[in-house]
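Written below as structure tokens is the structure these notes are about.
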Amino acid sequence: MSPCKQRLGSILIFALLAMVIVWNQMRHVSMLQFDKNESRHIGGAFSLIAHDGRIVSETSWPGRFLLIYFGYRFCPDVCPTSLQVMGEVMQLLGESAEAVQPLFVSVDVERDLPELLGEYVALFDHRFLGLTGSAEQIKEITKAFRVSYKKIGNEPDYQIDHSSFTYLTDDQGKILTVFPHKTSSDTMATAIRAVLTSLRRS
């Protein structure tokens with residue numbers, strides 16, 4: 017086989033592999049779409065304190081979609097990685113990002129004071145809002161979103177083991193899509209664009 021044909025063959029193989037990877041990613045995301053019956057049992061109403069001092073709920077951003085992640089400031093790796101991805105998603109969405117409000121809900125009510133949350137989320141994107149509340153309020157919202165979390169270790173340097181999902185909801189707190197940890201920003205942005213387009217047409 018000539019060098020030219022070998023090079024062409026390599027290019028075709030690479031292109032085919034790339035298409036397979038993208039297809040698998042999109043298929044994975046589509047599998048995360050909840051059917052109407054199941055979505056009724058996840059998400060919903062909440063009342064929390066934003067890092068700017070406002071009392072907010074799922075209806076505080078009418079006409080906008082909520083991109084929500086649960087974690088805490090002292091999280092060594094999972095939270096920063098997930099928030100970085102969310103920040104990249106907001107950039108990738110371009111003008112469509114105006115329809116999305118990114119939220120970081122802290123499960124560490126003892127250490128994550130509102131003003132500290134504000135400084136933390138600003139590291140990832142200026143549009144982020146950090147949310148906290150009483151232990152009971154956090155218990156209620158994590159139960160609604162099926163988020164698990166557990167304190168590990170001794171005071172004051174304890175860690176919190178928690179589930180790691182990013183949720184997309186409508187402006188009533190209804191779940192539209194759930195992304196697992198390590199979903200890429202490109203995949204997430206593509207899926208969110210599809211949801212926004214679909215709902216705007218309906």
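Numbers in the numbering used here are just positions in the sequence shown, counted from 1, shifted up by 16.
Note that CB positions come from ideal geometry on N, CA and C, so glycine has one too.
Keep in mind it's a predicted model, so treat the numbers as computed, not measured.
With the cut-off set at 7 Å, would you say residue 205 and residue 125 are in Cβ contact? Within the sequence shown, the letter at position 189 stands for residue 205. Within the sequence shown, the letter at position 109 stands for residue 125. Not a contact, by the Cβ cut-off of 7 Å.
I'd like to know whether the C-beta atoms of residue 122 and residue 148 end up nearer to each other than 7 Å. As a first step, residue 122 is located in the sequence shown; it is residue number 106 there, counting from the start. As a first step, residue 148 is located in the sequence shown; it is residue number 132 there, counting from the start. In this structure, residue 148 lies closer than 7 Å to residue 122 by Cβ.
Do residue 88 and residue 120 have their beta-carbon atoms positioned less than 7 Å apart in this structure? Within the sequence shown, numbered from 1, the residue matching residue 120 stands at position 104. Within the sequence shown, numbered from 1, the residue matching residue 88 stands at position 72. Not a contact, by the Cβ cut-off of 7 Å.
Between residue 209 and residue 172, what straight-line distance do the alpha-carbon atoms span, to the nearest angstrom? Here residue 209 corresponds to residue number 193 of the sequence shown, with the count starting at 1. Here residue 172 corresponds to residue number 156 of the sequence shown, with the count starting at 1. Answer to the nearest angstrom: the Cα atoms are 42 Å apart.
Which of the three DSSP states is assigned to residue 107 in this structure? The sequence position of residue 107 within the sequence shown is 91, counting from 1. Here residue 107 sits in helix by DSSP.
Rounded to whole angstroms, what's the CA-CA distance from residue 107 to residue 74? Just pull it up for me. Residue numbering aside, residue 107 sits at position 91 when the sequence shown is read from its first letter. Residue numbering aside, residue 74 sits at position 58 when the sequence shown is read from its first letter. Cα-Cα distance, rounded: 23 Å.
Could you spell out the range, first to last residue, of the alpha helix (DSSP H) harbouring residue 132? Position 116 of the sequence shown, counted from the first residue, corresponds to residue 132. That run of the alpha helix (DSSP H) goes 130-137.
Within 10 Å of its beta-carbon, does residue 188 have 16 or more other beta-carbons around it, so buried, or fewer, so exposed? Here residue 188 refers to the residue found at position 172 of the sequence shown. Exposed is the call here.
Among 146, 185, 135 and 141, which residue has its Cα nearest to the Cα of residue 58? For the purposes of this step, residue 58 is identified with residue 42 of the sequence shown, where counting begins at 1. That would be 185, whose Cα lies nearest to the Cα of residue 58.
Determine the direct distance from the alpha carbon of residue 153 to that of residue 82, and round the result to whole angstroms. Along the sequence shown, read from residue 1 onward, the residue named residue 82 stands at position 66. Along the sequence shown, read from residue 1 onward, the residue named residue 153 stands at position 137. If I take the Cα positions, the gap works out to 18 Å.
Just tell me which of 114, 177, 130 and 207 has its CA closest to the CA of residue 145. Reading the sequence shown from its first residue, position 129 is the one you call residue 145. Considering only alpha carbons, the answer is 130.
So the candidates are 213, 215 and 181; which of them puts its Cα closest to the Cα of residue 101? For the purposes of this step, residue 101 is identified with residue 85 of the sequence shown, where counting begins at 1. It is 181.
Measuring straight from C-alpha to C-alpha, what distance separates residue 90 and residue 168? Here residue 90 corresponds to residue number 74 of the sequence shown, with the count starting at 1. Here residue 168 corresponds to residue number 152 of the sequence shown, with the count starting at 1. Whole-angstrom Cα-Cα distance: 12 Å.
Residue 166 to residue 159 span [Cα, whole Å]: Counting from one through the sequence shown, the residue named residue 166 turns up at place 150. Counting from one through the sequence shown, the residue named residue 159 turns up at place 143. Residue 166 and residue 159: Cα-Cα distance of roughly 13 Å.
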